[in-house]
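Residue numbers (the working numbering), protein chains in the order written: chain B, 2 to 137; chain V, 54 to 151; chain G, 1244 to 1362.
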Amino acid sequence: MGDVKLAFVVQRPQYKGETSRLAITHAIAYQTVEILLEDGDTVTPTLCFIGEGVLGLQKGQKAMDTYGITSTETHLKNALLVDLDVLVCKEDLEKYGIPEDSIPDAEEMGADKTIRVVPFSEIQKAIEDAKHVLFF
Amino acid sequence: MKLGVFVSDYTITVDTLDRLKAEKLGIILVANGVYHATIKENGKTSPLLDKTPNLYVLSEDLQTRGIAESDVDKRVKVVNYGDVVDLIFNEYEKTAWL
Amino acid sequence: MATLTIGVFPGLVGNMAYDFALKLAAAAVDKGHKVSIWFSGNATGSVKANQKHLKDYSTGEKHLKALLEKGVEMCTCEACTVARGIQKPEGIEGIQWNAMHWYLAKIHGADRVLHIGGE
């Protein structure tokens, strides 16, 4: 069957419910899925943040200090370290007045990938290109 | 893209549905989403019903809420769980639960 | 016969999306399809055995057992489940415990996926 592309679309803010975080951790799990698949089969998720889903992505999070939980910032860095494509909707960042340079990267950890701020049309394309779409 | 969207709430707090483009869009109203098919808020039908001609509402979720099928907007087809399975497999390539 | 993978994240008690997922799974099996269900987040609380069915609350156990008998494959996110204080020996027999890649593997082989990701 080869590669199956998935679009993970996060439309709810981090730190209210749990599923916005679970979107990131489920996407990261693509790294180990091959142990359950036939040789040559892979899963490639693209992680997309739209609407209120762009809230809670900014640098400088202290969730471990305040609540003893891994921050979304750390999860995002881990996603970049395993080479996930992470897209954040440009129009929604502008809508909420969030500057693009407040979005973290994992360069200091050696990640090649960065979070890409893109127009919604590019997220629409990721949804169209995917075999399955999962809204969180 | 043929996309079947499940709407399970009456109050939609996100504009995702407005932004998604699909060559064939289906809206399947379930749980409290069924009110889109029946309520006329301030005398107006739900704007959701103008988005596509492919509208469905789950009969079990109407019955649960004491809503008669005769109260459902004429544009919306009443379906059961078996019909929803057929919609998923036969009419749409992808599904989204909003 | 086609395959349907359902991801269920809302809890058994407090959100009827869970009930929807199980009824949809049963309907799909009755039509001859193969179904797998992944429980994550609050939905993992439903895999604990010996649930008491109080009529003011949705119940999971008897429906889950019925689905297992129909051949539905089910798995709970182990991390989400133990985080809620449920250990594997307390779980409903027949429901698998695994990591999140189980869900991705089932999605890989599925013709259709319904991901119910709300709280």
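Backbone N, C-alpha and C define an ideal beta-carbon position, used for all residues, glycine too.
Between the stretch 1290-1298 of chain G and the stretch 1258-1268 of chain G, do at least 3 Cβ pairs fall closer than 8 Å? no
Which bits of chain B does G:Ile1338 rub up against, with CB to CB less than 9 Å? As a working note, residue 1338 of chain G is residue 95 in the third sequence. Result: empty, since nearest Cβ-Cβ is about 17 Å, beyond 9 Å.
At least 3 beta-carbon pairs within less than 8 Å: the stretch 3-12 of chain B vs the stretch 42-56 of chain B: yes
B:Leu48 CB to nearest heavy atom of the ligand SAM below 8 Å: Absence of the ligand SAM is noted for the structure shown, with no ligands found whatsoever.
Continuous beta strand (DSSP E) stretch holding V:Ser112: start and end: By 1-based counting over the second sequence, the position of residue 112 of chain V is 59. Run containing V:Ser112: none in the beta strand (DSSP E); it sits in the alpha helix (DSSP H), Ser112 to Thr117.
List, in order along the chain, the chain B residues whose C-beta lies closer than 9 Å to that of V:Thr69? Start at 1 with the first residue of the second sequence, and residue 69 of chain V comes out as number 16. The answer, in chain order, is Val10, Gln12, Ile51, Gly52 and Phe136.
Can you tell me where the alpha helix (DSSP H) with G:Phe1263 in it begins and where it stops? The sequence position of residue 1263 of chain G within the third sequence is 20, counting from 1. Here the alpha helix (DSSP H) through G:Phe1263 covers Ala1260 to Asp1273.
On a Cα-Cα basis, can you pick out the residue from G:Phe1252, G:Glu1312 and G:Ser1301 that is closest to G:Asp1273? Taking the third sequence and counting its residues from 1, one reaches residue 1273 of chain G at position 30. The option with the nearest alpha carbon to G:Asp1273 is G:Glu1312.
Check whether the stretch 1249-1260 of chain G touches the stretch 133-145 of chain V, counting contact only when three or more Cβ pairs, one atom from each stretch, lie closer than 8 Å. no
Quick check on the DSSP output: the alpha helix (DSSP H) that includes B:Ser122 runs from which residue to which? Taking the first residue of the first sequence as 1, we reach residue 122 of chain B at position 121. Start and end: Phe121 to Asp130.
Beta carbon proximity, V:Glu94 to chain G, threshold 9 Å: Residue numbering aside, residue 94 of chain V sits at position 41 when the second sequence is read from its first letter. Closer than 9 Å: no.
Do you know how far the Cα of B:Asp130 is from the Cα of B:Gln32? Sequence index remark: in the first sequence, residue 32 of chain B carries index 31 (1-based). Sequence index remark: in the first sequence, residue 130 of chain B carries index 129 (1-based). For B:Gln32 and B:Asp130, the distance between alpha carbons rounds to 20 Å.
Return the chain-ordered list of same chain residues with a C-beta closer than 7 Å to the C-beta of G:Cys1323, the five sequence neighbours on each side being excluded. As a first step, residue 1323 of chain G is located in the third sequence; it is residue number 80 there, counting from the start. The answer, listed in chain order, is Ser1283, Gly1284 and Thr1287.
Thinking C-beta only, is V:Val129 closer than 9 Å to V:Tyr145? Here residue 145 of chain V refers to the residue found at position 92 of the second sequence. Here residue 129 of chain V refers to the residue found at position 76 of the second sequence. Cβ distance not < 9 Å, so V:Tyr145 and V:Val129 don't count as in contact.
How would you write the range of the beta strand (DSSP E) that B:Ser72 sits in, first residue to last? Your numbering for residue 72 of chain B matches position 71 in the first sequence. Careful: B:Ser72 lies outside any beta strand (DSSP E) and carries neither H nor E.
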